[in-house]
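Novice: Got a structure here, written out as structure tokens. Questions coming.
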Ligand code: GLY
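Printed below as a string of structure tokens:
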């Protein structure tokens, strides 16, 4: 079968889910509506939190969507073959309806029959249990996987690996299904021990795709395994069996057992074309190709810079579509940081003049077919982003020159504040830039910078008071 594109995969997923009785719901904006605990929608489940906790969803108990997400925690990892801050998560939910027996075969059918992935290259992990809190090992999921692999003629051996450290000692252990501890507990924030009281979570089962063309990199541990970070295995998604809620001293069952499937569209699309590099898929490669055309440089030579620019400008585009404008606080500041970081990387590609008007239409065109709001707001997005590009470009050169002057002395939060205040360099960008140039950065730069900011705020309040 011809490999499906990311657009095909999104459509095939939603059609398949509709056939299975799911109502297809629209994406929620990147800015959560009623959740002050987090700046951005960072997973498919986040907008559905009240329903996972027990409220009735007006569209019923089987839902599916493709949710745009932004996770800036991963910003430093953008540049490798698979991390992006902006991504689309394919999701389907059972709110107290079907459970493991129906959901695992469903995701298997999607990956192997609908997308056409090779079952021999799919590996999975399951939860090894939490005896302290009475949560059992997930033998049920492992049993379902074992049956599906066996039916497909793939060996279905199982191995208990527990922690990632141990997994790096034993590798996959020759097995298809590995039991991990913390890695297979899913909640927002990631760790069961750090869940706030009331937060829902549960064991999950995760699906990975093996790219045998990628050599294991021993810098990531002795042996490669499902959760190894070397890029040989890529996680395609997870099915969370969300059936617990955190209490003061442990967990209690939620009123009903839910399933929360999340699949990374870009990663599934990369697997479909057998590319360990997600930036080769149809949602990203046209942006890279445009950058090659504009800069006259090649992706092979400028891989990291082009990946960062493509990723950050997609995120900034969707933030503008969802009503955010660059600024100095909260979501607006993150948007500014994404845009200015993209401009900084572009500068090194030789793109020293404004180039957003050339590239934003490419991004808008990619997404407008599925997300009509992107097409509708394309001109507005273009204006917002271009204005920010212009204003940063005015000071970029001078700021970089100023930074070089700190080569001997190194920088503390004070110098980073000057760069922020005078040249508009987001502080994280300056710290990153200084390190890249081999300029020493004080250990406490963040606290020092925050201190300077607080002092400036106090000064400006004082002057306001004096003048009224
Ligand atoms: N399915 C939960 C998540 O990965 O976001």
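In the working numbering, the protein residues as written are 5 to 472. Glycine included, every Cβ here is placed at the ideal spot set by N, Cα and C.
#1: What does a CB cutoff of less than 8 Å around residue 7 pick up in its chain, not counting 5 residues either side in sequence?
#2: Tell me whether residue 279 sits in a helix, a strand or coil according to DSSP, three-state version.
#3: Grab me the residues of residue 158's own chain with a C-beta within less than 7 Å of its C-beta, minus the 5 sequence neighbours each way, in chain order.
#4: What number of angstroms, rounded off, separates the C-alpha of residue 30 from the C-alpha of residue 54?
#5: What ranges does the beta strand (DSSP E) occupy inside the segment 181-220, keeping only unbroken runs of at least 3 residues that lie completely in it?
#6: Around the C-beta of residue 98, are 16 or more other C-beta atoms found within 10 angstroms, so that it is buried, or is it exposed?
#7: Residues in the same chain with beta-carbon distance under 7 Å from residue 3, minus the five sequence neighbours each way, listed in chain order, please.
#8: In the structure shown, what three-state DSSP assignment does residue 33 receive?
#9: Quick one: is residue 76 near chain C, going by C-beta distance under 9 Å?
#10: In or out: residue 199 buried (at least 16 other Cβ within 10 Å) or exposed?
#11: When you compare only the Cα positions, how much space is there between residue 253 and residue 196?
#12: Should residue 216 and residue 131 be called a contact, given that it needs their Cβ atoms to be closer than 9 Å?
#13: Nearer than 8 Å: is that true of the beta carbon of residue 48 relative to any heavy atom of the ligand GLY?
#14: Under the DSSP definition of a beta bridge, which residues are partnered with residue 237?
#15: With 16 other CB atoms within 10 Å as the buried threshold, where does residue 80 fall?
#16: Within 8 Å, do at least three Cβ pairs link the segment 136-146 to the segment 88-96?
#17: In whole angstroms, what separates the C-alpha of residue 177 from that of residue 183?
#18: Quick check on the DSSP output: what are the complete alpha helix (DSSP H) runs of length 4 or more inside the segment 92-129, in order along the chain?
#19: Kindly confirm or deny that the segment 213-229 and the segment 58-65 touch, where touching means at least three C-beta pairs closer than 8 Å.
#20: Using the three-state DSSP reduction, which class does residue 44 fall into: helix, strand or coil?
#21: Given the structure, does residue 199 come close to the ligand GLY, in the sense that its CB is under 8 Å from one of the ligand's heavy atoms?
#22: Going by C-alpha distance, which of 423, 442 and 229 is nearest residue 434?
#23: Using C-beta distances below 6 Å, list every residue in its chain close to residue 24, excluding the 5 sequence neighbours before and after it, in chain order.
#24: Does the distance from the C-beta atom of residue 417 to that of residue 458 stay below 9 Å?
#25: Write down every uninterrupted run of the beta strand (DSSP E) in the segment 356-407 whose length is 3 residues or greater and which is fully enclosed by it, in chain order.
Specialist: The structure says:
#1: Apart from sequence neighbours up to five positions away, the residues of its chain that approach residue 7 with a beta-carbon distance below 8 Å are 120, 276, 277 and 278, ordered along the chain.
#2: coil
#3: For residue 158, where only same-chain residues beyond five positions count, the Cβ hits under 7 Å are 123, 124 and 180.
#4: 17 Å
#5: 181-184, 189-191 and 204-214
#6: buried
#7: This structure cannot settle anything about residue 3, because the visible part of the chain is limited to 5 through 472.
#8: coil
#9: This model lacks chain C altogether; it includes just one protein chain.
#10: Counting of Cβ neighbours within 10 angstroms places residue 199 among the buried residues, the total reaching 16 or more.
#11: Cα to Cα, the separation comes out at about 12 Å.
#12: no
#13: yes
#14: 214
#15: Its Cβ having fewer than 16 others within 10 Å, residue 80 is exposed.
#16: Between the segment 88-96 and the segment 136-146, the count of Cβ pairs shorter than 8 Å is below three; the stretches do not touch.
#17: One C-alpha to the other measures close to 11 Å.
#18: 104-112
#19: The segment 213-229 vs the segment 58-65: no contact.
#20: coil
#21: no
#22: That would be 423, whose Cα lies nearest to the Cα of residue 434.
#23: Closer than 6 Å at the Cβ level, and outside the excluded window around residue 24, lies no residue.
#24: no
#25: none
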